[in-house]
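Worksheet: one structure, shown below.
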Amino acid sequence: MPKNMDVLFSGVMAHTFDTPLHGSIILDLDDRDIEHFVPYNRELLESGKGYGWPVSYDSYDELQIRLIEEKYKYMVISSSYGLSGWVLAKNVEISIQETG
744 MPKNMDVLFS GVMAHTFDTP LHGSIILDLD DRDIEHFVPY NRELLESGKG
794 YGWPVSYDSY DELQIRLIEE KYKYMVISSS YGLSGWVLAK NVEISIQETG
């Protein structure tokens, strides 16, 4: 069983984590359908829209279309404590260091 792994996100548009704490253990990394991003995060999107977060857009439909056309992934992270949240990124790489 792997003890350590690196999770590297690239092409990140946005992310949010509850309260990241040193020593959090990632329990699950779930690749959700991008169509779920806007409905599941509407309140957060509403609070950031006037500040251009996660990007400038006029409507939720426009944001949804951009995420799909630019091939973003909606990765939801579950952790032991603190690091639970999500990342919008174009790529994710996972490398596992086996222990002997």
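Note that the numbering used here has the sequence shown beginning at 744, numbered continuously upward.
For every residue, glycine included, the Cβ atom is placed at its ideal position computed from N, Cα and C.
For F752, which beta-bridge partners are listed by DSSP?
Counted from its first residue, the sequence shown places residue 752 at position 9. Bridge partners of F752: V835.
Cα-Cα separation between Y815 and K792, rounded to whole angstroms
Start at 1 with the first residue of the sequence shown, and residue 815 comes out as number 72. Start at 1 with the first residue of the sequence shown, and residue 792 comes out as number 49. Spanning the two alpha carbons is a distance of roughly 19 Å.
Test item: CB-CB of L911 and V755 under 8 Å:
The structure shown does not extend to residue 911, since the chain is modelled only from 744 through 843, so no value can be given for it.
May I have the straight-line CA-CA distance separating H765 from A757, to the nearest angstrom?
For the purposes of this step, residue 765 is taken as the residue at position 22 of the sequence shown. For the purposes of this step, residue 757 is taken as the residue at position 14 of the sequence shown. Using only the alpha carbons, I get a separation of about 21 Å.
From the DSSP output, which residues share a beta bridge with G828?
For the purposes of this step, residue 828 is identified with residue 85 of the sequence shown, where counting begins at 1. Answer by DSSP bridge pairing, in chain order: F760, I820.
Please say whether M748 and I837 have beta carbons closer to each other than 8 Å?
Here residue 837 corresponds to residue number 94 of the sequence shown, with the count starting at 1. Here residue 748 corresponds to residue number 5 of the sequence shown, with the count starting at 1. Going by C-beta atoms, I837 is nearer than 8 Å to M748.
Paired residues, beta bridge with I769 - DSSP:
Taking the sequence shown and counting its residues from 1, the one referred to as residue 769 is at position 26. Per DSSP, S822.
Would you mind giving the Cβ-Cβ distance between Y803 and I777, rounded to the nearest angstrom? I have them listed as a contact below 8 Å.
For the purposes of this step, residue 803 is identified with residue 60 of the sequence shown, where counting begins at 1. For the purposes of this step, residue 777 is identified with residue 34 of the sequence shown, where counting begins at 1. In fact, because the Cβ distance is near 13 Å, the residues do not count as touching under 8 Å.
Suppose the cutoff is 8 Å on Cβ atoms and the five residues either side in sequence are ignored; what does the same chain contact list for H779 look like?
Taking the first residue of the sequence shown as 1, we reach residue 779 at position 36. Here the set comprises Y817.
For a quick check, are the C-beta atoms of S753 and K833 less than 8 Å apart?
To locate residue 753, count along the sequence shown from 1; it is residue 10. To locate residue 833, count along the sequence shown from 1; it is residue 90. In contact: S753 and K833 (Cβ atoms closer than 8 Å).
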